[in-house]
Amino acid sequence: MKMKFNDQKKLYRQNALTQTDILYLPDSRGLDVTAVSSKCADIIRSIHGSMSRLAPMGDDERRSLWFEVKGKRWEWYRLSVSTYKDRHYLYITGDTYDHHVFCDKDDCNSRHCFYEDELVGIFSKIEKYVAGLVDNILSAPEQYNSYVEKYLGYYRREGLIKRSVLNSLIPDNSYDGIDIPRVINLYENQVEPTQFSEMTIRRYMHYWRIAYEAVYGKMSGDDIEVFRHSSKGHEAREYNLDSEDDFRRWKSEVSPYHGFDVVYARVHLYPTYTNGQWHFYVGTGSYWNLDDCFRAVIGLSDAGISVELGEVDHILGILKETDYVEITPYAYRYMQGDDIGSQMKLPYADEVGKDVIKEIIANTEWNKLEKVSPLA
33 MKMKFNDQKK LYRQNALTQT DILYLPDSRG LDVTAVSSKC ADIIRSIHGS MSRLAPMGDD
93 ERRSLWFEVK GKRWEWYRLS VSTYKDRHYL YITGDTYDHH VFCDKDDCNS RHCFYEDELV
153 GIFSKIEKYV AGLVDNILSA PEQYNSYVEK YLGYYRREGL IKRSVLNSLI PDNSYDGIDI
213 PRVINLYENQ VEPTQFSEMT IRRYMHYWRI AYEAVYGKMS GDDIEVFRHS SKGHEAREYN
273 LDSEDDFRRW KSEVSPYHGF DVVYARVHLY PTYTNGQWHF YVGTGSYWNL DDCFRAVIGL
333 SDAGISVELG EVDHILGILK ETDYVEITPY AYRYMQGDDI GSQMKLPYAD EVGKDVIKEI
393 IANTEWNKLE KVSPLA
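Here the sequence shown is numbered in the numbering used here, starting from 33 and rising by one per residue.
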């Protein structure tokens, strides 16, 4: 007999964690992992034992559950476990900045929590909650899957929406002041890059300055002084500015360290040597910095310099609105693969209005949620 909603809610919220519990957990940024020992490590392995009653859902024996956390309102979180090289990992994830990763042994990204002894109580609560939740899931797996499918908020889901549809709902003003038809023409009808028989640091600085000023505005001083605004500009003083040999040496030494960034770590003016000639490559992998990239390309074009352009298919898809936008709680700056030009978080009502959010939700193809099932 199918349970009523209120009964399901009580069942899956038994012994629930609280927001206070979550806030007490050390955060993880990027690849950071908190390595625990002693009692906490034993508890992680016990949680793995409970989760091992479920079928694996991914590489490294990954198993995942959605669960609710009690606060001013109930919030959805995701708990996952995985095993890699005899290390047991525990992941608890809310939104982008609410991410906690633990391991029962040190790994190359691990650090230790100075208040680990105080975590034992919270880990014990997690252990008790997971054991009970797994028991309840195994008693009626499809009921749990249906519950999550029905009540998991869209702010925790991922899906794709056509950029043309999204832009009709939320106009994209990212490129105000930029001649977008001209940019499209430059990317669609690429000409051979301007060739240089010789490249020196002095020559590179001159064209770097053109790109830099196209992004940031006119600067006072000569090319050498302006180039010091780059991440590696100060190092150019150690070389002969008019020697190609010194340019090659400088290029080799600064390439791994943002040496050719017009916008730090985002937009690059890279010197390329092909068939005995030099030319410039301009590119970015950051959707959030496309406006800067376009300004640099136009600035160089105005100076009579054609460049090799990067990410052409992605950029044309974005500008001509033929691609997709991925809606995800973990949206980041980088352009994605295939026809996905960018990511965004589902906006909130105070940003765009409730009606717009409803239209976005209705026009998004949401990914199917992973189903939890018993171990065969």
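C-beta atoms are modelled at their ideal positions from N, C-alpha and C, and glycine is treated no differently.
Check                                                                                                                         : Outcome
Pairwise C-alpha distance: tyrosine 183 and aspartate 439                                                                     : In the structure displayed, the chain extends from 33 to 408; residue 439 sits before or after that span and is not available.
Selected residue, minimal CA-CA separation from tyrosine 56, among Glu402, Ile158 and Tyr366                                  : Ile158
Valine 243, enclosing beta strand (DSSP E) - first and last residue                                                           : The identity of residue 243 in the sequence shown is alanine, whereas the question assumes valine. Careful: alanine 243 lies outside any beta strand (DSSP E), inside the alpha helix (DSSP H) at 233-248.
Residue interval of the alpha helix (DSSP H) (run including glycine 349)                                                      : 344-351
Contact belief for leucine 322 with phenylalanine 312 at Cβ below 8 Å, rounded distance in angstroms                          : Contact doesn't hold; Cβ gap of about 18 Å is too wide.
Member of Pro361, Glu343 and Glu230 whose CA lies at the smallest distance from the CA of aspartate 277                       : Glu230
Supposed contact pair isoleucine 350 and glycine 7 - C-beta distance, whole angstroms, cut 8 Å                                : Any answer about residue 7 is impossible in this case: the structure gives the chain only from 33 up to 408.
Bounding residues of the beta strand (DSSP E) (the contiguous stretch that carries methionine 376)                            : 372-376
Cβ separation of valine 68 and aspartate 136, assumed to be a contact under 8 Å, to the nearest whole Å                       : 7 Å
Within 9 Å, strictly: CB atoms of arginine 365 and serine 318                                                                 : yes
Pair within 9 Å by beta-carbon distance, glutamate 100 and glutamate 107                                                      : yes
The alpha helix (DSSP H) enclosing alanine 381, as first and last residue numbers                                             : 381-384
First through last residue of the alpha helix (DSSP H) which encompasses tyrosine 191                                         : The residue asked about is misnamed: residue 191 is glycine in this sequence, not tyrosine. Taken as a continuous stretch (DSSP letters only), glycine 191 belongs to no alpha helix (DSSP H), being part of the beta strand (DSSP E) at 191-194.
Simplified DSSP state of arginine 260, which is helix, strand or coil                                                         : coil
Helix, strand or coil at valine 166 [DSSP, three-state]                                                                       : helix
Residues that threonine 125 bridges to, as DSSP identifies them                                                               : Arg110 and His131
Endpoints, beta strand (DSSP E) assigned at alanine 363                                                                       : Element bounds for alanine 363: n/a, residue is neither H nor E.
Residues near valine 215 by beta carbon distance below 6 Å, same chain, minus five either side                                : Phe326
Residues near isoleucine 212 by beta carbon distance below 7 Å, same chain, minus five either side                            : Leu351
Glutamine 375, buried or exposed, once every other Cβ within 10 Å from all chains shown has been counted against 16           : buried
Short CB-CB distance (under 9 Å) between isoleucine 54 and chain B                                                            : You won't find chain B in this structure, because it holds only one protein chain.
Where the alpha helix (DSSP H) containing histidine 311 begins and where it ends                                              : Histidine 311 -> not in any alpha helix (DSSP H); beta strand (DSSP E) instead, spanning 309-315.
Cβ-based burial, aspartate 127 [other Cβ within 10 Å; buried from 16]                                                         : exposed
Span separating the alpha-carbon of arginine 34 from that of glutamine 175                                                    : As written in the sequence, residue 34 is lysine, which differs from the arginine given in the question. If I take the Cα positions, the gap works out to 8 Å.
C-alpha distance - arginine 280 paired with arginine 235, whole-angstrom precision                                            : 13 Å
Nearest to asparagine 177 (by Cα), restricted to the options Glu402, Leu273 and Lys42                                         : Glu402
Collapsed DSSP secondary structure at histidine 80 in the structure displayed                                                 : helix
Assumed close pair proline 225, glutamate 343 - CB separation to whole angstroms, cut-off 8 Å                                 : Rounded, the Cβ-Cβ distance is 16 Å, inconsistent with contact.
Tyrosine 161 (DSSP reduced to helix, strand or coil)                                                                          : helix
Continuous beta strand (DSSP E) stretch holding serine 96: start and end                                                      : 95-101
Beta-carbon proximity check, isoleucine 12 vs leucine 198, cutoff 9 Å                                                         : Since the first residue shown for the chain is 33 and the last is 408, residue 12 is missing from the structure and cannot be characterised.
Leucine 341 - partner residues in DSSP beta bridges                                                                           : Val314
Neighbourhood of cysteine 145 by C-beta distance below 8 Å, restricted to the same chain and skipping five residues each side : Pro58, Thr66, Val68 and Leu151
Coarse secondary structure for arginine 143, derived from DSSP in three states                                                : strand
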